[in-house]
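Engineer: This structure is in structure tokens; I'll ask about it shortly.
2 protein chains.
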Amino acid sequence: MTKTDVLTLAILGILRDQPLHGYQIRKRLGAELGPFRALSYGSLYPCLRRMVEAGLIESAGEEPAGASPASSRRARIAYSLTDAGRTRLAEELASAGASSWDDDAFDVRFSLFAHTDAATRLRILEGRRSRLSERLEEVAEGLKRMHERHDAYTAELQRHGLEQVEREISWLDRLIENERSAPGGDNPGPTPTGH
Amino acid sequence: MTKTDVLTLAILGILRDQPLHGYQIRKRLGAELGPFRALSYGSLYPCLRRMVEAGLIESAGEEPAGASPASSRRARIAYSLTDAGRTRLAEELASAGASSWDDDAFDVRFSLFAHTDAATRLRILEGRRSRLSERLEEVAEGLKRMHERHDAYTAELQRHGLEQVEREISWLDRLIENERSAPGGDNPGPTPTGH
DNA sequence: GACCAGTTGTATCGCACCGATACATCGGAG
DNA sequence: CTCCGATGTATCGGTGCGATACAACTGGTC
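Residue numbers (UniProt numbering), protein chains in the order written: chain A, 1 to 195; chain B, 1 to 195.
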């Protein structure tokens, strides 16, 4: 139970370091994961509500602070992690189940690698790799069995898809090798977490 | 009005040459568009129902044919295009609006290129190209502005995303050049539509 | 100082789609 | 003969998306 969905995880991750408004969460997430995967408010706000209900985050409704006119203060709601949220994030970051290398989950998981320990990183990368290998198999299979009933365009589409997957795999191979040869610390790379 | 959604278009396309059952539709579509984009029954059947209601397709409920026992005949429903459906498909294939190069529509549109005239093909490819160019811009922008607040992993994710888009664009460039230098017929390539 | 456009910000509604699931029949392998 | 996997139709709950509405602050321009 308590299956943490991807969106929830992403939000937990983005709130790890500072409290943020809904709007900022959306922007940050969009920036970190690329312009694809931009989540809409239609998913964000309901998810935030769910998380508040579950006690993972809490909302701080920025009070007027002082004897300002009356009521006109603009509504801004900053969300921050609760202890429960922080715990859940830690649990989630330590896990490496199949749900870590699903198509839609992997990116989010990867973007949190800086806060994931080395062993888990490696397991996720390998899991993702093997998932993509299966896929490669499938596509190659289909492409071979495609002798009959094929026009040039659908064939080209297949070929292109195949290449995409191959490329993705070799990207993972690079990362995996990198992980293996690295000191194994929690925070590799030249950039020291930013101060 | 009468906005044809992608799924509807895909089905119209797959039924162009022969009537098929829901199950077969799903398999074919999955095979043509790759293992990604495999649509689930949860979308397929409702869509088929909608299409029947709209008069685009009709269902032929394979009757027992003869004095077979009683009722045991397995339910199999073959769907075929109506004249309206055929017309709609033709309209859709002749159009080349922004909805032709959306992320989710392009593949389907492309897989129907064998039945699309040369001018439309070119326009769609170019539309897709320019859409991806915009995206490239965005990502590059974000990557540049990423000096502050970046760990090695999110940076790598960005870099990888950037490369993906670049590759996609050069794939399109190849296709576009190919289109331009080709005879301009409706059915290029060595494969003669299959007999 | 008046106006207008763009950004920040919260929020909801309908719709389409996915994943899981249930059920039934058929062909073949053990 | 029986079990398994493919074929086949169908629905349900949940969830994410796109569009949209509303509101206040920000900054530029005449």
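Where a beta carbon is used, it is the ideal one built from N, C-alpha and C, also for glycine.
What is the DSSP secondary structure of A/Ser71, reduced to helix, strand or coil?
Structural biologist: Position 71 of the first sequence holds residue 71 of chain A. Its pLDDT being 45, under 50, A/Ser71 is placed unreliably by the model, and the measurement read from it follows with that caveat. Residue state, collapsed to three classes: coil.
Engineer: Within the 9 Å Cβ cut-off, does B/Trp171 reach chain A?
Structural biologist: Indexing the second sequence from 1 puts residue 171 of chain B at position 171. Yes, because at least one Cβ of chain A sits closer than 9 Å to the Cβ of B/Trp171.
Engineer: Between A/Arg167 and chain B, is there a C-beta pair that is closer than 9 Å?
Structural biologist: Translated into the one-based positions of the first sequence, residue 167 of chain A becomes position 167. Yes, A/Arg167 counts as interfacial toward chain B.
Engineer: Please classify A/Thr8: is it buried, with 16 or more other beta-carbons within 10 angstroms of its beta-carbon, or exposed?
Structural biologist: As a position in the first sequence, residue 8 of chain A is number 8, starting the count at 1. The residue is buried, with at least 16 neighbouring Cβ atoms inside 10 Å.
Engineer: Would you mind listing the beta strand (DSSP E) stretches within the region 62 to 144 of chain B that are 3+ residues and don't spill past its ends, in chain order?
Structural biologist: Entirely contained in the region 62 to 144 of chain B, the beta strand (DSSP E) runs reaching 3 residues are, in chain order, 78 to 81.
Engineer: Quick check: is the beta carbon of A/Glu126 nearer than 9 Å to any beta carbon in chain B?
Structural biologist: Residue numbering aside, residue 126 of chain A sits at position 126 when the first sequence is read from its first letter. Not closer than 9 Å to any Cβ of chain B, the Cβ of A/Glu126 fails to qualify, so no.
Engineer: For A/Gln158 and chain B, any beta-carbon pair shorter than 9 Å?
Structural biologist: Here residue 158 of chain A refers to the residue found at position 158 of the first sequence. Chain B contact via Cβ: present.
Engineer: State the Cα-Cα distance for the pair B/Ile11 and A/Ala119, rounded to the nearest angstrom.
Structural biologist: Mapped onto the second sequence, residue 11 of chain B falls at position 11. Mapped onto the first sequence, residue 119 of chain A falls at position 119. Approximately 45 Å, taken between the alpha carbons.
Engineer: Taking the alpha carbon of A/Ile57 as the reference point, which residue from A/Ala182, A/Asn178, A/Leu157 and A/Ile14 has its own alpha carbon closest?
Structural biologist: Position 57 of the first sequence holds residue 57 of chain A. Nearest of A/Ala182, A/Asn178, A/Leu157 and A/Ile14 to A/Ile57, Cα basis: A/Ile14.
Engineer: Whether or not the region 155 to 171 of chain B and the region 18 to 37 of chain A are in contact is what I'm after, with contact meaning three or more pairs of Cβ atoms, one per stretch, closer than 8 Å; do they touch?
Structural biologist: Touching, yes, given that three or more Cβ pairs across the two stretches are closer than 8 Å.
Engineer: Report the three-state DSSP secondary structure of B/Ala38 (helix, strand or coil).
Structural biologist: Locating residue 38 of chain B in the second sequence gives position 38, counting from the first residue. Reduced to three states, the DSSP call for B/Ala38 is coil.
Engineer: Hey, would you say B/Leu122 sits closer than 9 Å to B/Glu53, going by beta carbons?
Structural biologist: To locate residue 122 of chain B, count along the second sequence from 1; it is residue 122. To locate residue 53 of chain B, count along the second sequence from 1; it is residue 53. Taking 9 Å as the Cβ cut-off, B/Leu122 and B/Glu53 do not qualify as a contacting pair.
Engineer: Spell out the partners DSSP gives B/Ala60 in its beta bridges.
Structural biologist: Taking the first residue of the second sequence as 1, we reach residue 60 of chain B at position 60. According to DSSP, B/Ala60 bridges with B/Ala78.
Engineer: What did DSSP end up calling B/Leu20 once you bin it into helix, strand or coil?
Structural biologist: Sequence index remark: in the second sequence, residue 20 of chain B carries index 20 (1-based). Correct three-state label for B/Leu20: strand.
Engineer: Answer with yes or no whether the minimum CB distance from A/Ala31 to chain B is below 9 Å.
Structural biologist: Within the first sequence, numbered from 1, the residue matching residue 31 of chain A stands at position 31. It does: the Cβ of A/Ala31 has a partner Cβ on chain B nearer than 9 Å.
Engineer: For a cutoff of 9 Å on Cβ pairs, would you count A/Pro19 as touching chain B?
Structural biologist: Along the first sequence, read from residue 1 onward, the residue named residue 19 of chain A stands at position 19. Not one chain B Cβ lies under 9 Å of A/Pro19.
Engineer: Can you tell me whether DSSP reads A/Gly173 as helix, strand or coil?
Structural biologist: Here residue 173 of chain A refers to the residue found at position 173 when the first sequence is read from its first residue. It should be noted that the sequence gives Asp, not Gly, for residue 173 of chain A. Of the three classes helix, strand and coil, the one that applies to A/Asp173 here is helix, per DSSP.
Engineer: Give the residues from the region 74 to 107 of chain B that approach chain A closer than 8 Å (Cβ to any Cβ), ordered along the chain.
Structural biologist: Answer in chain order: Asp103 and Asp107.
Engineer: Tell whether a beta-carbon distance below 9 Å holds between A/Ile77 and A/Gly55.
Structural biologist: Position 77 of the first sequence, counted from the start, is the residue given in the question as residue 77 of chain A. Position 55 of the first sequence, counted from the start, is the residue given in the question as residue 55 of chain A. Against a cut-off of 9 Å, the Cβ pair of A/Gly55 and A/Ile77 comes out as no contact.
Engineer: Spatial neighbours of B/Arg28 within its chain, please: C-beta separation below 8 Å, excluding the five flanking residues on both sides.
Structural biologist: For the purposes of this step, residue 28 of chain B is taken as residue 28 along the second sequence, with counting starting at 1. These residues qualify, in order along the chain: Ile14 and Leu20.
Engineer: By Cβ distance below 6 Å, which residues in the same chain neighbour B/Phe106 in space, the five residues on each side in sequence not counted?
Structural biologist: The sequence position of residue 106 of chain B within the second sequence is 106, counting from 1. Around B/Phe106: Arg128.
Engineer: Thinking A/Leu48 and A/Gly22 are a contact (beta carbons under 8 Å), I'd like their distance in whole angstroms, please.
Structural biologist: Here residue 48 of chain A corresponds to residue number 48 of the first sequence, with the count starting at 1. Here residue 22 of chain A corresponds to residue number 22 of the first sequence, with the count starting at 1. That belief holds up - the Cβ atoms of A/Leu48 and A/Gly22 are roughly 6 Å apart, short of 8 Å.
Engineer: Between B/Gly85 and B/Glu91, what straight-line distance do the alpha-carbon atoms span, to the nearest angstrom?
Structural biologist: For the purposes of this step, residue 85 of chain B is taken as the residue at position 85 of the second sequence. For the purposes of this step, residue 91 of chain B is taken as the residue at position 91 of the second sequence. Going by the C-alpha atoms only, they are around 10 Å apart.
Engineer: Using three-state DSSP, classify B/Pro190 as helix, strand or coil.
Structural biologist: Counting from 1 along the second sequence, the entry for residue 190 of chain B is found at position 190. Any reading at B/Pro190 needs caution, since the residue's pLDDT is 45, under 50, leaving its predicted position unreliable; the model's value is listed next. Of the three classes helix, strand and coil, the one that applies to B/Pro190 here is coil, per DSSP.
Engineer: By the 10 Å Cβ neighbour count, where 16 or more other Cβ atoms means buried, how is B/Tyr153 classified, buried or exposed?
Structural biologist: Numbered from its first residue, the second sequence carries residue 153 of chain B at position 153. Classification for B/Tyr153: buried.
Engineer: Within the same chain, show all residues whose beta-carbon is closer than 8 Å to that of B/Asp173, passing over the 5 residues directly before and after it, in chain order.
Structural biologist: Counting from 1 along the second sequence, the entry for residue 173 of chain B is found at position 173. Arg129, listed in sequence order.
Engineer: With DSSP as the reference, label B/Gly30 as helix, strand or coil.
Structural biologist: The count along the second sequence starts at 1 and reaches residue 30 of chain B at position 30. Helix.
Engineer: Buried or exposed: A/Thr116, going by 16 or more other Cβ atoms within 10 Å of its Cβ?
Structural biologist: The residue labelled residue 116 of chain A in the question sits at position 116 within the first sequence. The residue in question, A/Thr116, is buried, as its Cβ has 16 or more Cβ neighbours within 10 Å.
Engineer: Run through chain A and tell me which residues come within less than 9 Å of B/Ala114, C-beta to C-beta.
Structural biologist: Taking the second sequence and counting its residues from 1, the one referred to as residue 114 of chain B is at position 114. Under the 9 Å cutoff, chain A gives Asp151, Ala152, Tyr153 and Thr154.
Engineer: Put B/Gly13 into one of helix, strand or coil per three-state DSSP.
Structural biologist: Counting from one through the second sequence, the residue named residue 13 of chain B turns up at place 13. DSSP places B/Gly13 in helix when its eight states are reduced to three.
Engineer: For A/Gly142 and B/Arg50, what's the separation of their Cα atoms in angstroms?
Structural biologist: Locating residue 142 of chain A in the first sequence gives position 142, counting from the first residue. Locating residue 50 of chain B in the second sequence gives position 50, counting from the first residue. So the alpha carbons of these two residues sit roughly 30 Å apart.
Engineer: What does A/Val139 reach in chain B if we use C-beta pairs closer than 7 Å?
Structural biologist: Here residue 139 of chain A refers to the residue found at position 139 of the first sequence. Going along chain B in sequence order, the residues near A/Val139 (Cβ under 7 Å) are Gly34 and Pro35.
Engineer: Once the 5 residues before and after A/Leu132 are set aside, which same chain residues still bring their CB inside 8 Å of it?
Structural biologist: Taking the first sequence and counting its residues from 1, the one referred to as residue 132 of chain A is at position 132. Taken in chain order, the residues that qualify are Val165, Glu168, Ile169 and Leu172.
Engineer: Under 8 Å from any heavy atom of the ligand MG, does the C-beta of B/Gln158 make it?
Structural biologist: For the ligand MG, the structure offers nothing, since it holds no ligand at all.
Engineer: Thinking A/Ala155 and A/Met146 are a contact (beta carbons under 8 Å), I'd like their distance in whole angstroms, please.
Structural biologist: Along the first sequence, read from residue 1 onward, the residue named residue 155 of chain A stands at position 155. Along the first sequence, read from residue 1 onward, the residue named residue 146 of chain A stands at position 146. Indeed, because the Cβ distance is near 7 Å, the residues count as touching under 8 Å.
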